[in-house]
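K.L.:
Encoded as C-alpha cells, here's the structure I'll be asking about.
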Amino acid sequence: MPTIPFQQLYPRASPLAIDLLQKLLNFDPAARITVEQALAHPYLAAYHEEDDEPVHERVFDFSFEVTDRIDEMKRLIAQEVMSFKASKEQALGSQNGGLRRAASLSAADRSATTTAARNTPHVSQQIQEEPAVAEEAPGSQLASSMEVDEDLERELSGQSMQA
C-alpha cells in the first residue's frame, strides 16, 4: 500500500510539524526518534525546558499494568500522574511555589523558533518552498501580533483568578 505524504494529508500544517510527525511516526522503531530528540525538535521549542525533563536510563517495565479495560487503564494512568505530581510538589516544597506551567511563548521566542527552523537544513528548504498559511492568507496577521488572553494565561499558569 503506498503511503500518502503528510503534506498532502495536512496541507495547512507547518513544515516543522510535518517534520516532527514524520520522525515520530516512522514505521521502523529503530529509525524513530527518541523522546529526548522529539523534545529538542524546533517545533516543540515552546515546551522544551531541559531542566524540567527528567531522563530515565532504564527501560520501563509495564508488566504491573495487567488490565485490558479502557476505563481501568484511564484510572491507573490518572492515579500515577497524581502520585508523580504529589511527589514532585513535595520534593520542590516551597521552592519556586511548587509546580507551575511555563509561560507562553513570547513574540521574541516565536521569532527565535522560526529562525531555528530556518537554520535546520531539511526544514528550511520546506519553509522556503511552502510558505506558512498565515503568510499566504491575505490580510492575516502573523502569530507574533496575536492578542493574549490574560485570564486564560493566569488560569493555565495555575494562578487563581480574582473575582
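For any residue, its number in our numbering is found by taking its place in the sequence shown, counting from 1, and adding 132. Every residue, glycine too, gets a C-beta built ideally from N, C-alpha and C.
What's the gap between the Cα of Val191 and the Cα of Glu197?
P.N.:
The count along the sequence shown starts at 1 and reaches residue 191 at position 59. The count along the sequence shown starts at 1 and reaches residue 197 at position 65. Approximately 15 Å between the Cα atoms of the pair.
K.L.:
Provide the residue span of the alpha helix (DSSP H) that contains Ser195, from first to last.
P.N.:
Locating residue 195 in the sequence shown gives position 63, where the first residue counts as 1. No alpha helix (DSSP H) holds Ser195; DSSP gives it neither H nor E.
K.L.:
Tell me where the alpha helix (DSSP H) around Glu212 begins and ends.
P.N.:
For this step, residue 212 is matched to residue 80 along the sequence shown. Residues Ile202 to Leu224.
K.L.:
Hey, does Phe138 have any beta-carbon neighbour from chain C nearer than 8 Å?
P.N.:
Any reference to chain C falls outside this structure, which holds one protein chain only.
K.L.:
Let's see if you can read the secondary structure: which residues bound the alpha helix (DSSP H) around Pro134?
P.N.:
Sequence index remark: in the sequence shown, residue 134 carries index 2 (1-based). From DSSP, Pro134 is part of no alpha helix (DSSP H); its letter is neither H nor E.
K.L.:
Using the Cβ count rule (16 or more neighbours within 10 Å means buried), how would you classify Leu157?
P.N.:
One-based indexing of the sequence shown puts residue 157 at position 25. Leu157 is exposed by the Cβ-count criterion.
K.L.:
Identify which residue in Leu152, Glu221 and Ala178 has its Cα closest to the Cα of Gln169.
P.N.:
Reading the sequence shown from its first residue, position 37 is the one you call residue 169. The candidate whose alpha carbon is nearest that of Gln169 is Leu152.
K.L.:
First and last residue of the alpha helix (DSSP H) that includes Glu168?
P.N.:
Your numbering for residue 168 matches position 36 in the sequence shown. First-last of the alpha helix (DSSP H) with Glu168: Val167 to Leu171.
K.L.:
Let me know the secondary structure DSSP gives Asp160 once reduced to three states.
P.N.:
Here residue 160 refers to the residue found at position 28 when the sequence shown is read from its first residue. Shown here, Asp160 sits in coil according to DSSP, grouped into three states, outside any helix or strand.
K.L.:
Do the CB positions of Ala149 and Tyr175 come within less than 8 Å of each other?
P.N.:
Taking the sequence shown and counting its residues from 1, one reaches residue 149 at position 17. Taking the sequence shown and counting its residues from 1, one reaches residue 175 at position 43. Contact: yes.
K.L.:
So, helix, strand or coil for Thr247, using DSSP?
P.N.:
The residue you call residue 247 lines up with position 115 of the sequence shown. Here Thr247 sits in helix by DSSP.
K.L.:
How close, in whole Å, do the beta carbons of Leu171 and Glu185 come, if the pair is a contact with beta carbons under 8 Å?
P.N.:
Your numbering for residue 171 matches position 39 in the sequence shown. Your numbering for residue 185 matches position 53 in the sequence shown. Contact between Leu171 and Glu185 holds: CB atoms are separated by about 6 Å, below the 8 Å threshold.
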